[in-house]
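Enquirer: Heads up, the sequence shown is in this note's numbering, so the first residue is 677 and it goes up one at a time.
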Amino acid sequence: MHGVDETLRLETKNAVVNTARDLAHRRTPFIEGIRLLAALRFSDSRLENDPDFMLFVAIASETDHHPSPEVRKHCSQAWLEKCDSEALALHEEHLRLVRLACDRLIERFS
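1. If you count every other CB in all the chains shown that lies within 10 Å of the CB of residue 774, and 16 or more means buried, which is it?
2. Quick one, which of 715, 783, 720 has its alpha-carbon nearest residue 683's?
3. Please report the distance separating the alpha-carbon of residue 767 from that of residue 743.
4. Residue 693 to residue 785, Cα distance in whole Å?
5. Quick one: is residue 769 buried, meaning 16 or more other Cβ sit within 10 Å of its Cβ, or exposed?
6. Output the distance between the C-alpha atoms of residue 695 and residue 757, rounded to the nearest integer angstrom.
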């Protein structure tokens with residue numbers, strides 16, 4: 677069982693680092709990256725209340741009404757434009773803090 681736990685922890689660490697890098701370097705859409713990092717904290721019970729993930733959790737909660745990439749095709753153009761405008765505003769508002777938080781995660785989990 678110990679090997680499984682360690683394998684899962686290693687996979688989680690790699691996912692955190694890769695997602696944080698992609699988000700910091702704009703290789704993944706802002707909200708998608710935020711949501712992925714917020715969700716990854718549940719992959720290891722030691723990370724659920726980790727302060728380094730809380731910024732992502734807070735921003736993700738502000739965007740829970742935004743459609744996922746899979747759902748976008750079912751949404752009206754007007755709704756998508758509104759969501760995209762909100763996403764851009766959130767990105768601009770939180771960019772500096774998100775980059776700092778990504779850097780912390782990359783350093784910590786590399």
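Glycine included, every Cβ here is placed at the ideal spot set by N, Cα and C. The structure displayed is predicted, hence computed values, not measured ones.
Expert: Once the coordinates are examined:
1. buried
2. 720
3. Rounded to the nearest angstrom, the two C-alpha atoms are 16 Å apart.
4. Counting only the Cα atoms, residue 785 lies some 6 Å from residue 693.
5. exposed
6. 25 Å
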